[in-house]
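Take a look at the structure set out below.
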Amino acid sequence: MGYLKTLLGVILLGVSAMAGALEAVSAAPVAHAAQAMLLGAAWAQKRVVAVGDHGIVLLSDDHGRSYRQARAVPVSSSLTGVSFADARHGWAVGHWGAIVASDDGGEHWQVQRLTPDQDRPLFAVHFFDNLRGVAVGLWSLVLTTDDGGATWTERDLPAPAGAGRADLNLMSLFVDGRQQTLYATAERGQLLRSDDRGQTWRYLDTGYDGTLWTGAVLPDGGLLVGGQRGTLLRGTPDGASWQRIALDSRSSITSIAVDGQQVVAVGLDGLQARSEDVGRTFTLSRREDGVSLTAVLAGGEDGPLLFSRRGPGKALP
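Positions -21 to -1, 1 to 296 (mature numbering (1 follows the signal peptide of the UniProt record, and there is no 0)) are the ones given, in order, by the sequence shown.
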């Protein structure tokens, strides 16, 4: 399938080893869990929860200085995104259309949704509270729930301008500070916006024609999105106007974190880009070993927390 060439390259291709099987297999406890490819991370209040390849879920209770594997995860397919509504209630999504939920801070998880017959992956999830959440994925797949995931409803998207149908891969979700507006990054330079918690959406065209992998809302309400080939775009709050931020890099941007005036973007080939002026200009550095970074999480005591294809990394000071 052609989408595999443009999806998250060496990152999101943590395809499950369960090919051909039609039953979920629980993630196995492994000694090298902390070296697994991680694809998403979230705060469960003071706990860090990171998810990744083969159903690995890692937990940290010391602000990312050390990690241990979750006690029970009922799937071993790749988990690509995670969201917690509070210290206890969280959801993770991934391949096989999996949605798993935890009510004890990520220690134990239960399957809420699994579609092994079609393997339409989900790439991101966001919960506004313990009841209302949204998950997105392959071919414009949008699912919403208002009962904590007991039931999920598929939402139809309109076709983007100039297209006959909605068939974009939706790569990530992010919200504004008040959690009133939800955004989804997508292929073909499209950013989708929802003002009703994922029930209806409209397109914001950034003028870029590649895949946008990640985004964030800045403190002034502006939008920042990143994607293929070092693309970083800063938009007005209404998404009507965009400008490209010059980066001396062709490495794709995989994740963005905002912490006050500081913005950090990370990407392939160990790319680290830091801004101290709310995303107007960036200073670049690279991880010494060149390992691709898959996620960054603001709020660590020692700096933003980094995650990679080889597990969690040191905080960015």
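Beta carbons are placed, not taken as given, at the ideal position from N, Cα and C, and that holds for glycine.
Pairwise C-alpha distance: residue j and residue i
| i | j | result |
| --- | --- | --- |
| residue 296 | residue 137 | 43 Å |
| residue 111 | residue 94 | 21 Å |
| residue 86 | residue 220 | 43 Å |
| residue 194 | residue 19 | 14 Å |
| residue 285 | residue 22 | 13 Å |
| residue 298 | residue 113 | The displayed coordinates of the chain run from -21 to 296. Any statement about residue 298 would go beyond what the structure contains. |
| residue 175 | residue 267 | 43 Å |
| residue 182 | residue 159 | 17 Å |
| residue 258 | residue 277 | 15 Å |
| residue 104 | residue 47 | 23 Å |
| residue 52 | residue 189 | 34 Å |
| residue 123 | residue 91 | 13 Å |
| residue 283 | residue 44 | 12 Å |
| residue 291 | residue 13 | 7 Å |
| residue 254 | residue 223 | 15 Å |
For residue i, the three-state DSSP class (helix, strand or coil)
| i | result |
| --- | --- |
| residue 96 | coil |
| residue 177 | coil |
| residue 87 | strand |
| residue 23 | strand |
| residue 219 | coil |
Cβ-Cβ distance between residue i and residue j below 8 Å
| i | j | result |
| --- | --- | --- |
| residue 171 | residue 162 | yes |
| residue 147 | residue 119 | yes |
| residue 228 | residue 209 | yes |
| residue 42 | residue 281 | yes |
| residue 81 | residue 69 | yes |
For residue i, the residue or residues it bridges with in DSSP
| i | result |
| --- | --- |
| residue 105 | 113 |
| residue 251 | 245, 264 |
| residue 73 | 58 |
CB contact below 8 Å: residue i versus chain B
| i | result |
| --- | --- |
| residue 134 | Annotation note: the requested chain B is absent from the structure, which comprises a single protein chain. |
At least three beta-carbon pairs within less than 8 Å, the segment 59 to 72 to the segment 37 to 51: no
The segment 242 to 251 in contact with the segment 4 to 23 per 3-pair CB rule at 8 Å: Contact fails: fewer than three Cβ-Cβ distances are below 8 Å.
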